[in-house]
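Student: I'd like to ask some things about the structure below.
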């Protein structure tokens with residue numbers, strides 16, 4: 095069942111429970127693996143260190159993609175280390191859990207309409223839109239679709255319920271394309287080209303249902319703040335990309351989160367999004383090669399510059415990975431204006447890169463134990479903020495994790 099708040103809200107208690115675990119475990123998840131030369135927590139968690147080095151390289155992606163497998167393999171060693179030091183963490187919070195049991199979505203339209211509506215939308219995106227639409231509360235309130243794009247979500251809501259939908263989008267070409275679709279179907283949907291960050295343009299009203307499917311970072315936070323100011327009666331949102339913020343570090347919304355000792359950087363906020371997908375073997379090898387080569391160049395540039403700090407390299411073309419390692423390094427050196435002192439033992443640095451790649455993957459896989467906990471903390475911050483603003487709030491899931499890992503749904507009612 096969805097989690098709801100009551101007069102003695104459990105949401106604040108849940109946030110504080112997660113906060114205690116996240117604060118205590120910071121050494122395990124709040125680090126930048128590509129800057130490390132060894133497991134940064136090896137001395138404090140020796141059993142865990144031994145376990146991660148026993149994992150086969152070839153299995154790491156598969157383990158990382160399955161939270162239950164990850165917990166099964168790593169939690170016993172972590173528990174052993176904690177017992178040895180007398181630490182008492184609530185490790186049950188790291189076990190996979192679901193906010194609700196996601197159910198299959200019944201077809202919302204007849205076969206012909208479904209084919210036309212979904213013709214221009216990729217399969218998973220259509221599934222997400224359909225699943226989200228099925229969770230829209232029944233009412234006569236007009237709908238504001240926030241950060242609408244071409245208005246696929248708003249168009250389906252308008253079609254299903256013949257509800258008036260205003261779709262807010264800042265790119266004029268997307269507004270034009272969306273309006274053409276709506277007019278073709280004779281739907282009560284109209285587009286407004288406006289900047290969601292501009293309080294004078296945001297279109298939020300009291301008698302309204304505001305919806306946002308995967309609005310990124312500051313965009314969905316801005317919606318929450320504007321809705322609070324406008325007294326908007328209903329909100330249904332699915333947050334995404336927590337790291338896309340203007341501030342250098344996370345700015346908590348709720349009073350409960352503001353009391354936390356956590357200071358979250360943009361890099362920390364990317365943790366919930368770091369989940370491996372089982373790509374083709376060829377693409378997997380390219381990805382691992384790129385990581386190794388980047389780390390190899392990093393080892394090289396540190397020595398050449400006599401500066402022991404990581405130096406980011408621009409994005410590369412896939413074709414560069416089909417060339418030689420030496421050519422990649424010379425390109426990277428030119429890009430970052432690093433002077434290479436010849437002669438250079440290229441095989442030595444390439445080997446260093448693969449060693450560091452194996453290290454970073456193990457640092458990351460331990461950090462990934464905490465990605466769901468951090469995301470739940472971020473979600474609860476939003477839920478508690480709405481609760482403090484006078485809303486009755488529900489936290490649930492609108493689709494299965496296989497349809498979208500960003501499947502959390504926050505529903506708020508005045």
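In this note's numbering, the protein residues as written are 95 to 508.
Just so you know, even glycine gets a beta-carbon here, dropped at the ideal spot from N, CA and C.
Please read these numbers as outputs of a predicted model, since none were measured by experiment.
Whole angstroms is fine: what's the gap from residue 473's alpha carbon to residue 335's?
Tutor: In a straight line, the C-alpha of residue 473 is about 12 Å away from that of residue 335.
Student: Straight-line CA distance for residue 251 to residue 342?
Tutor: In a straight line, the C-alpha of residue 251 is about 36 Å away from that of residue 342.
Student: Rounded to whole angstroms, what is the Cα-Cα separation between residue 133 and residue 503?
Tutor: Going from the Cα of residue 133 to the Cα of residue 503 covers about 36 Å.
Student: Report all residues from its chain with a CB closer than 7 Å to the CB of residue 195; omit the five preceding and five following residues, and keep chain order.
Tutor: Confidence at residue 195 is low in this model, with a pLDDT of 48, below 50, so its placement is unreliable and the value that follows should be read with caution. If we look at residue 195 and ignore the five residues flanking it on each side, it has no Cβ neighbours.
Student: What are the boundary residues of the alpha helix (DSSP H) that includes residue 231?
Tutor: That residue, residue 231, is in no alpha helix (DSSP H); it is neither H nor E in DSSP.
Student: Please determine, among 483, 478, 488, 489, the residue with the shortest C-alpha to C-alpha distance to residue 107.
Tutor: When only C-alpha atoms are compared, the closest one is 478.
Student: Classify residue 497 as helix, strand or coil using the three-state DSSP reduction.
Tutor: In the structure shown, residue 497 sits in coil (DSSP, three-state: anything other than H, G, I, E or B).
Student: Does residue 486 come out as helix, strand or coil in the three-state DSSP assignment?
Tutor: Strand, per DSSP.
Student: Near residue 498, which residues of its chain fall below 6 Å by C-beta distance, leaving aside the five closest residues on each side in sequence?
Tutor: Excluding residues within five positions, the ones whose Cβ falls inside 6 Å are 222.
Student: Please list, in chain order, all residues of the same chain as residue 455 whose beta carbon is under 7 Å from its beta carbon, the five residues on each side excluded.
Tutor: Cβ neighbours of residue 455 beyond the five flanking positions: 154.
Student: Taking just the CA atoms, how far does residue 352 sit from residue 180?
Tutor: Whole-angstrom Cα-Cα distance: 29 Å.
Student: So, is residue 442 buried or exposed, given that buried needs 16 or more other C-beta atoms within 10 angstroms?
Tutor: By the neighbour-count rule (16 or more Cβ atoms within 10 Å), residue 442 is not buried but exposed.
Student: Which of helix, strand or coil does DSSP assign to residue 104?
Tutor: If DSSP states are grouped into helix, strand and coil, residue 104 belongs with coil.
Student: DSSP state of residue 124, grouped into three classes?
Tutor: Residue state, collapsed to three classes: coil.
Student: Residue 493 to residue 120, Cα distance in whole Å?
Tutor: Going from the Cα of residue 493 to the Cα of residue 120 covers about 30 Å.
Student: Kindly list the residues whose CB is nearer than 8 Å to the CB of residue 402, restricted to its own chain and excluding five residues on each side of it in sequence; keep chain order.
Tutor: Correct list, in chain order: 396.
Student: Can you give, in chain order, each stretch of the alpha helix (DSSP H) that sits fully within the stretch 422 to 498 and has at least 4 residues?
Tutor: The stretch 422 to 498 contains these whole alpha helix (DSSP H) runs: 440 to 461, 465 to 482.
Student: Taking C-alpha atoms, which residue in 216, 233, 414 lies nearest to residue 246?
Tutor: Closest by alpha carbon: 216.
Student: Exposed or buried, what is residue 101 when buried is set at 16 or more other beta-carbons lying within 10 Å of its beta-carbon?
Tutor: No answer about residue 101 holds up, because its pLDDT of 43 lies below 50 and its placement is not dependable.
Student: Quick one: any contact between the stretch 375 to 385 and the stretch 139 to 150, if contact means 3 or more CB pairs under 8 Å?
Tutor: Taking 8 Å as the limit for Cβ pairs, the verdict is that the stretch 139 to 150 does not touch the stretch 375 to 385.
Student: If you follow the alpha helix (DSSP H) that residue 134 is in, where does it begin and where does it stop?
Tutor: Residue 134 -> no alpha helix (DSSP H), and no H or E assigned at all.
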